[in-house]
Amino acid sequence: MSVVHLRLEQSPDERPPHDVIYFIHESDTFFVGTYYKAEEEVYKRFPSHQWADSFIPDYSGNWLLTSLGNIAATTLAGVTFVSFTTGAVLYLLENAHNLVGPTAQRLMPRTNALTTFHITGYTFVADALPVRQKPGTPV
1 MSVVHLRLEQ
11 SPDERPPHDV
21 IYFIHESDTF
31 FVGTYYKAEE
41 EVYKRFPSHQ
51 WADSFIPDYS
61 GNWLLTSLGN
71 IAATTLAGVT
81 FVSFTTGAVL
91 YLLENAHNLV
101 GPTAQRLMPR
111 TNALTTFHIT
121 GYTFVADALP
131 VRQKPGTPV
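Just so you know, we're using UniProt numbering here: the sequence shown kicks off at 1 and counts up by one.
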């Protein structure tokens, strides 16, 4: 395992290196992590995550806190891209924003809601995963 790129702070006008951008374009899977800290007035109803607690967001949106809700509350997100063939992993620190209605449709026609991610830092690690998928293997 070796760290190929480490940039914990990146300004909005900077771009990651070409190999990081290429890795993102070649990926077919990514994972999103979000953060939530309850304000005092809603803490009893929607408590913050405690060290001993685990919360799994409800992606159907039926009254439970979701990643979209976390992003609306804090704008902090982490996105992880994984290559199951090379074992490389890219960790992105990001500011995220939810867009709805015409604002979302201007970026992606016929889409009523989407989330934008703006990279603020990254770590690109080669050989991070101990498992590999052979190209051409049926999944």
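Cβ coordinates follow ideal geometry from the N, Cα and C atoms, glycine included.
Do residue j and residue i have their beta-carbon atoms positioned less than 7 Å apart in this structure?
i: N70; j: Y22; result: no
i: T115; j: N98; result: yes
i: L93; j: G121; result: yes
i: V79; j: F30; result: yes
i: V32; j: S67; result: yes
Quick check on DSSP: helix, strand or coil for residue i?
i: N70; result: helix
i: V131; result: coil
i: R106; result: helix
i: E14; result: coil
i: residue 143; result: Since the first and last residues shown for the chain are 1 and 139, residue 143 lies out of range.
i: E9; result: coil
i: F23; result: helix
Pick out whichever of the options has its Cα sitting closest to the Cα of residue i.
i: S11; options: F30, P109, I119 and T80; result: I119
i: H125; options: G87, A77, A113 and R110; result: Note on identity: in this sequence residue 125 is Val, with His being the wrong assignment. Per the Cα distances, G87.
i: V3; options: T123, T34, P130 and R132; result: T123
i: K134; options: S83, L6 and L8; result: S83
i: P138; options: Q105, R15 and T85; result: T85
Please report the straight-line C-alpha distance between residue i and residue j, rounded to a whole angstrom.
i: F81; j: K44; result: 35 Å
i: D13; j: P130; result: 35 Å
(request) Tell me, please, whether the region 26 to 40 touches the region 99 to 113 by the rule of three or more beta-carbon pairs shorter than 8 Å. (result) Under the three-pair Cβ rule at 8 Å, the region 26 to 40 does not count as touching the region 99 to 113.
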